[in-house]
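One structure below.
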Amino acid sequence: GRFYHEPSDNLRLVGVTGTNGKTTTTQLLAQWSQLLGETSAVMGTVGNGLLGKVIPTENTTGSAVDVQHELAGLVDQGATFCAMEVSSHGL
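If you count by the UniProt record's numbering, then the sequence shown holds residues 1 to 91, one letter each, in order.
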């Protein structure tokens, strides 16, 4: 995280893990937080990005470096909240 200036320090960050429902849960969390005034983003199966601007990805949970890079990019775009799918293997 240091290389990317600790992006998670500037986000309300929620990780969702489990067998089923990760994508739905992260989408709902991001939408609800946006209704509460946050600039929301998601990271996961569908892709990464601000709500409405999600870019498709290959992996649900990238490497630690990839995740920090993505979080830094979201902060640079103004995100204040991120709901991310996290594989239990990635934990």
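All C-beta atoms in this analysis are idealised placements derived from N, C-alpha and C, irrespective of residue type, glycine included.
Exercise for the section: Determine the contact status of residue 13 and residue 31, defining contact as a CB-CB distance below 8 Å. Expected result: Judged by their CB atoms, residue 13 and residue 31 are not nearer to each other than the 8 Å cut-off.
Handout entry: Cβ separation of residue 16 and residue 86, assumed to be a contact under 8 Å, to the nearest whole Å
Key = Confirmed, Cβ separation roughly 7 Å.
Problem - residue 42 - partner residues in DSSP beta bridges - result: Answer is 49, 83.
Practice task
Would you mind reading off the limits of the alpha helix (DSSP H) that contains residue 67?
Solution key: Element bounds for residue 67: 64 to 76.
Handout entry: Chain-order list of residues whose beta-carbon lies under 6 Å from that of residue 40 (same chain, five-residue window excluded)
Key = 30, 33, 34, 51, 81, listed in sequence order.
Problem - Whole-angstrom distance between residue 47 and residue 75, CA atom to CA atom - result: Rounded to the nearest angstrom, the two C-alpha atoms are 16 Å apart.
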